[in-house]
Amino acid sequence: HWMASIGTGLLLFAGALGALAFWSWRRRVQRLRYLRETPLPPGLYDKLRKKRPDIAPEYYPFVNRALRDFFAAYLLSGRKPVSMPSQAADELWHEFILYTRNYDRFCRQAFGKFLHHTPAVVLSRNYDRNVGLRRVWWHACKLEGIDPRNPARLPLLFALDAKLELADGFRYSLDCHGLREKNDSGGGSQCATDMRDSSFDGTTDGFGDSGGGDGGDGCGGDGGGCGGD
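Our numbering puts the sequence shown at residues -10 to 218.
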């Protein structure tokens, strides 16, 4: 009888795990749909136009999608620390945050917690930034069906600034000959395939790690990244 009891217990435990996994998957799908489909606040692009007149209105849909890809990368990583790779998407994010109530409600629905702003960055000797950037690269590629280890093209989030020809934008290239810039200034063109390279900080942490449900963010508290604005 005790063997039967153990077997029944194991079955119940396995069933509970399966139910929990299904519930977590379903919640993530719902949150992903929410962050993809929820309209941004009215007037947001008017604010962006005044702040960044160098971004033509016809490119706003691309900026919108890129920012949502960034949000999706954060969600799909299990809400681990992320770094923003685009100046254009960062500007829209910053303007969105200024609509405090809208942004707070968006975060609670999409992530279950508040996502704090972190400045746009490129690979450097800063370990925390690099982890978050590699993580975003991985998920941005996956969202577009790109192999993050051997990309045939850039995901929108990493191609956006060059597409908009922003003077202060971050430009990524797949042709990396002579582009390896290891500095903290973020200037010039960046080698996209350096995301898989450990020479910046001795690791490739963040490259290819998975979210594992709606778990923690790795920095403690409600931080959406290791730092803020």
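Where is the CB? At the ideal position from N, CA and C, for every residue including glycine. Fair warning: this is a prediction, and the values are worked out from it, not measured in the lab.
Count the other C-beta atoms from every protein chain shown that fall within 10 angstroms of the C-beta of residue 40, then say buried if there are 16 or more, exposed otherwise.
-> The residue labelled residue 40 in the question sits at position 51 within the sequence shown. Exposed, by the Cβ-count rule.
Could you check if residue 121 is buried or exposed, using at least 16 other CB atoms within 10 Å of its CB as the buried criterion?
-> The residue given as residue 121 occupies position 132 in the sequence shown. With 16 or more Cβ atoms within 10 Å of its Cβ, residue 121 is classed as buried.
In its own chain, which residues sit with a C-beta less than 8 angstroms from the C-beta of residue 196, not counting the 5 before and 5 after it?
-> Residue numbering aside, residue 196 sits at position 207 when the sequence shown is read from its first letter. Taken in chain order, the residues that qualify are 123, 124, 126, 127, 137, 184, 185.
Residue-level contact to chain C via CB, residue 162, 8 angstroms cutoff | Reference to chain C is not applicable here, since this structure consists of a single protein chain.
Of the residues 93, 151, 16, which one's Cα is nearest the Cα of residue 74?
-> Against the sequence shown, residue 74 aligns to sequence position 85. The candidate whose alpha carbon is nearest that of residue 74 is 151.
Taking 8 angstroms as the threshold, find out whether the segment 50 to 61 comes into contact with the segment 142 to 151 through three or more Cβ pairs.
-> yes
So, helix, strand or coil for residue 118, using DSSP?
-> By 1-based counting over the sequence shown, the position of residue 118 is 129. Helix at residue 118.
What residues in its chain sit with their C-beta under 8 angstroms from that of residue 156, if we drop five residues either side in the sequence?
-> As a working note, residue 156 is residue 167 in the sequence shown. For residue 156, where only same-chain residues beyond five positions count, the Cβ hits under 8 angstroms are 43.
Every unbroken alpha helix (DSSP H) within the segment 98 to 164, with a cutoff of 4 residues, ordered by chain = 116 to 132, 145 to 153
Bounding residues of the beta strand (DSSP E) (the contiguous stretch that carries residue 281) = The shown model of the chain, from -10 to 218, leaves out residue 281, and the question about it has no answer.
Sheet register partners of residue 184 (DSSP bridge) = Here residue 184 corresponds to residue number 195 of the sequence shown, with the count starting at 1. BP columns for residue 184 are empty, so no partner.
Pick from 35, 57, 30 that is closest to residue 22, judged by C-alpha positions = Translated into the one-based positions of the sequence shown, residue 22 becomes position 33. Nearest of 35, 57, 30 to residue 22, Cα basis: 57.
Determine the burial state of residue 171: buried for a count of at least 16 other Cβ atoms within 10 Å of its Cβ, exposed for fewer.
-> As a working note, residue 171 is residue 182 in the sequence shown. Per-residue confidence for residue 171 stands at a pLDDT of 47, beneath the threshold of 50, marking its modelled position as unreliable; no derived number is given.
Do residue 165 and residue 182 have their C-beta atoms within less than 8 angstroms of each other?
-> Numbered from its first residue, the sequence shown carries residue 165 at position 176. Numbered from its first residue, the sequence shown carries residue 182 at position 193. Cβ distance < 8 angstroms, so residue 165 and residue 182 count as in contact.
Separation of residue 114 from residue 30, as counted between CA atoms = For this step, residue 30 is matched to residue 41 along the sequence shown. For this step, residue 114 is matched to residue 125 along the sequence shown. Those two C-alpha atoms are separated by around 37 angstroms.
Start and end residues, alpha helix (DSSP H) containing residue 45 | Walking along the sequence shown from the start, residue 45 turns up at place 56. That residue, residue 45, is in no alpha helix (DSSP H); it is neither H nor E in DSSP.
By how many angstroms is the C-alpha of residue 153 removed from the C-alpha of residue 159?
-> Position 170 of the sequence shown, counting from 1, holds the residue named residue 159. Position 164 of the sequence shown, counting from 1, holds the residue named residue 153. One C-alpha to the other measures close to 11 angstroms.
Measuring alpha carbon to alpha carbon, tell me which of 133, 82, 111, 77 ends up nearest residue 178.
-> Mapped onto the sequence shown, residue 178 falls at position 189. Ranking the options by Cα distance to residue 178, first place goes to 111.
Give the straight-line distance between the Cα atoms of residue 15 and residue 101, rounded to the nearest whole angstrom.
-> One-based indexing of the sequence shown puts residue 15 at position 26. One-based indexing of the sequence shown puts residue 101 at position 112. About 14 angstroms.
Around the C-beta of residue 18, are 16 or more other C-beta atoms found within 10 angstroms, so that it is buried, or is it exposed?
-> For the purposes of this step, residue 18 is taken as residue 29 along the sequence shown, with counting starting at 1. Residue 18 should be labelled exposed.
Spatial distance of residue 78 from residue 191 (CA atoms) | One-based indexing of the sequence shown puts residue 78 at position 89. One-based indexing of the sequence shown puts residue 191 at position 202. Roughly 29 angstroms separates the two Cα atoms.
CB-CB under 7 angstroms to residue 96, same chain, minus the five flanking residues each way: which ones, in chain order?
-> Translated into the one-based positions of the sequence shown, residue 96 becomes position 107. Counting only Cβ-Cβ distances below 7 angstroms, and skipping sequence neighbours, we find 102, 103, 104.
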